[in-house]
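Asks: For the protein sequence lines, the chains are A and B, in the order given. Each residue of the first sequence is one higher than the one before, starting from 1 at the first, in the working numbering. Each residue of the second sequence is one higher than the one before, starting from 1 at the first, in the working numbering. We put the beta carbon where it would ideally sit given N, CA and C, even for glycine.
Protein chains: 2
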Amino acid sequence: MYKLYVTRGSGNCFKPFLTLSQLEIPFQVVEVNVLEGETRSPEFLSLNSAGSVPYLVTGEGQGVGESNAMLWLIADGTDLMPRSPLERAQSLQWMFFEQSKLEPMISPARFLGHIVPERGVGREAEIASWRQRAATGLATLDAHLADRHFMLGDHYGITDIAVFGYVHVSDEASIDMDRFPAVKAWMARVESTPGFKPLSTLCDGAIAFSARGDTG
Amino acid sequence: MYKLYVTRGSGNCFKPFLTLSQLEIPFQVVEVNVLEGETRSPEFLSLNSAGSVPYLVTGEGQGVGESNAMLWLIADGTDLMPRSPLERAQSLQWMFFEQSKLEPMISPARFLGHIVPERGVGREAEIASWRQRAATGLATLDAHLADRHFMLGDHYGITDIAVFGYVHVSDEASIDMDRFPAVKAWMARVESTPGFKPLSTLCDGAIAFSARGDTG
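1. What residue does the alpha helix (DSSP H) around Q90(B) start on, and which one ends it?
2. Can you tell me where the alpha helix (DSSP H) with F217(B) in it begins and where it stops?
3. For a test of the three-state rule: what should DSSP assign to L45(B), helix, strand or coil?
4. Sorted by chain position, which residues of the same chain lie with C-beta nearer than 7 angstroms to N48(A)'s C-beta, five sequence neighbours on each side aside?
5. So, does the CB of D305(A) fall closer than 8 angstroms to a CB anywhere in chain B?
6. Between which residues of its own chain and F164(A) is the CB-CB distance below 6 angstroms, once the five residues before and five after are set aside?
7. Does DSSP put R212(B) in a helix, a strand or coil?
8. So R123(A) and M105(A) are supposed to be a Cβ contact under 8 angstroms. How far apart are they, rounded?
9. Which residues in the same chain have their Cβ closer than 8 angstroms to the Cβ of L202(B), if we skip the five residues on either side of it in sequence?
10. Does chain B have any CB closer than 8 angstroms to the CB of G129(A)?
11. Less than 8 angstroms separating the beta-carbons of P85(A) and T159(A)?
12. Under 8 angstroms between C-beta atoms, does R88(A) make it to chain B?
13. Looking at the C-beta of V64(B), does it have a partner C-beta in chain A at a distance below 8 angstroms?
14. What residues from chain B crowd round S100(A), counting only those whose CB sits closer than 9 angstroms?
15. Over the uninterrupted beta strand (DSSP E) stretch that includes V57(A), give me the two end residues.
16. Whose C-alpha, out of F209(B), K197(B), D154(B), is nearest the C-alpha of H168(B)?
17. Going by DSSP, what residues sit across from F217(A) in a beta bridge?
18. If the criterion is Cβ atoms closer than 8 angstroms, does the pair Q99(A) and Q99(B) meet it?
19. Do you know whose CA, among L80(B), N68(B), F97(B), V116(B), lies nearest Q93(A)'s CA?
20. Hey, would you say T255(A) sits closer than 8 angstroms to L71(A), going by beta carbons?
21. At 7 angstroms on the CB atoms, spell out the chain B contacts of Q93(A), in chain order.
22. Does the beta carbon of W186(B) sit closer than 8 angstroms to a beta carbon anywhere in chain A?
23. By the criterion of Cβ-Cβ separation under 7 angstroms, what are the contact partners of F96(A) in chain B?
24. Since G59(B) and Y2(B) should fall inside the 8 angstroms C-beta cutoff, what is the C-beta to C-beta distance between them, to a whole number of angstroms?
25. On the CB-based measure, 16 or more other CB atoms within 10 Å of its CB, does V57(B) come out buried or exposed?
26. With distance defined between alpha-carbon atoms, name the residue in S21(A), L23(A), F27(A), Q22(A) nearest to I207(A).
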């Protein structure tokens, strides 16, 4: 059975969680407390030397990092996968876009402006710059989704999940999503797919990394 | 036949070029002059609205951006592809690592320190910071390659090409590669694979974007 190491509230951790949930694949969530430094602990670093979450460990003990990469293992052979070589390349084009033009801006703007605002004091200009650059990426996404039901066309899949992960918490980064109506309509469609679970349920039923001394 | 839009000297553009060359797939290189603003020209933006190179257009007129994404189309069904769902995820893990921990640091340090050094004047502290962060990523890569022949083990493939693209020009970013002996030994192995061509040959036989007015 898969073990998925996550931190509460993370859009990246949400991606493999949602994929596993929608595919009804059994998995165990292990909660690692990033704010308390648990990802830098010797126990976690011995599991994943990169010290990052999400981290996925297969039933055979193989570990995979990078949220978008693990979706290609979890969803292999399922209906959530891109269906041709061209679709696979297009899917990856959007996943690399997400990791360079959306996530690196939305995530810190949300973290410092919403999750731990006390740490954002004095960094207002930097946060504003992230918001502005995120909006540029969201405008590109909005144009793409204007005439599409899902990221690759009619068919929901891992590309939607990868892009949804952080885009759907853009409002928590104080980005006005009314500027991106096609993105808003697409988010509602994603939330209506079978077996969808919200980010707030990520750690329901999780075991704690520290308490358990879990090292994989 | 594939058309590959590139700019001279780019490690990202080199990746699909090397893949197509080693697979002996016929393709036409179109040279776009980024330094003269050709990627921001109306003609290029009508082809690729993201205004980025490399950009790949298939014989059927389908365009794909993002250097690492296009490798999955070009190499589909060949010996350069990862061979299992786990290997595909591991390959993508390294490709996302390359695009977040290596390329965003090596590329600007090389550009401002080596390619157009007159633009780097006054930005020495920023360039030093990129060099330092690149070295952190290269140390991770060195540890990974210490007991491996290629990125995924014994078998050369698109993961090696993706990581090689910018890592092999790290010396032009004034990074001392003697600190990373496993990376150096791996680079020599990559350069010895059948059909390898150096970055300096990227635009041999290319047609010019501007002169031809090529819009795809």
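Replies: In short:
1. For this step, residue 90(B) is matched to residue 90 along the second sequence. Taken as a continuous stretch (DSSP letters only), the alpha helix (DSSP H) holding Q90(B) covers 85-97.
2. Past the edges of chain B, shown from 1 to 216, lies residue 217(B), and the structure says nothing about it.
3. Sequence index remark: in the second sequence, residue 45(B) carries index 45 (1-based). Note: L45(B) maps to helix in three-state DSSP.
4. Counting from 1 along the first sequence, the entry for residue 48(A) is found at position 48. Excluding residues within five positions, the ones whose Cβ falls inside 7 angstroms are Y55, G63, G65.
5. Given a span of 1 to 216 for chain A in the structure shown, any question on residue 305(A) remains unanswerable.
6. Counting from 1 along the first sequence, the entry for residue 164(A) is found at position 164. Around F164(A): V190.
7. Here the question's residue 212(B) lines up with position 212 in the second sequence. Confidence at R212(B) is low in this model, with a pLDDT of 49, below 50, so its placement is unreliable and no value can be given for it.
8. By 1-based counting over the first sequence, the position of residue 123(A) is 123. By 1-based counting over the first sequence, the position of residue 105(A) is 105. With a Cβ gap of about 14 angstroms, R123(A) and M105(A) do not count as contacting.
9. In the second sequence, residue 202(B) corresponds to position 202, counting from 1. Closer than 8 angstroms at the Cβ level, and outside the excluded window around L202(B), lie V6, R8, G9, S10, C13, F14, F17, V29.
10. Looking up residue 129(A) in the first sequence gives position 129. For the sequence presented, residue 129(A) should be read as Ser rather than Gly. S129(A) does not count as touching chain B.
11. Along the first sequence, read from residue 1 onward, the residue named residue 85(A) stands at position 85. Along the first sequence, read from residue 1 onward, the residue named residue 159(A) stands at position 159. No, the Cβ-Cβ distance between P85(A) and T159(A) is not below 8 angstroms.
12. In the first sequence, the residue the question calls residue 88(A) occupies position 88. Yes, because at least one Cβ of chain B sits closer than 8 angstroms to the Cβ of R88(A).
13. One-based indexing of the second sequence puts residue 64(B) at position 64. By this cut-off, V64(B) is an interface position.
14. Mapped onto the first sequence, residue 100(A) falls at position 100. Ordered by position in chain B, the residues that pass the 9 angstroms Cβ test against S100(A) are E66, Q99, S100, P104.
15. One-based indexing of the first sequence puts residue 57(A) at position 57. Where V57(A) is concerned, the enclosing beta strand (DSSP E) stretches over 55-57.
16. By 1-based counting over the second sequence, the position of residue 168(B) is 168. The option with the nearest alpha carbon to H168(B) is K197(B).
17. Outside the displayed span of chain A (1 to 216) sits residue 217(A), for which this structure offers no information.
18. If you number the first sequence from 1, residue 99(A) lands on position 99. If you number the second sequence from 1, residue 99(B) lands on position 99. Yes, these two residues count as a Cβ contact at 8 angstroms.
19. Along the first sequence, read from residue 1 onward, the residue named residue 93(A) stands at position 93. The option with the nearest alpha carbon to Q93(A) is N68(B).
20. Because chain A here runs from 1 to 216, residue 255(A) falls outside it and cannot be looked at.
21. Here residue 93(A) refers to the residue found at position 93 of the first sequence. Under the 7 angstroms cutoff, chain B gives V64, G65, E66, A69.
22. As a first step, residue 186(B) must be located in the second sequence, where it is residue number 186. Judged by the 8 angstroms Cβ criterion, W186(B) is not in contact with chain A.
23. One-based indexing of the first sequence puts residue 96(A) at position 96. Neighbours of F96(A) on chain B, chain order: E66, N68, A69, Q99.
24. Stepping through the second sequence from its first residue, residue 59(B) is reached at position 59. Stepping through the second sequence from its first residue, residue 2(B) is reached at position 2. Contact holds; Cβ gap of about 7 angstroms.
25. Numbered from 1 along the second sequence, position 57 holds the residue referred to as residue 57(B). Burial call: buried.
26. Within the first sequence, residue 207(A) is the residue found at index 207, counting from 1. Nearest C-alpha to I207(A): F27(A).
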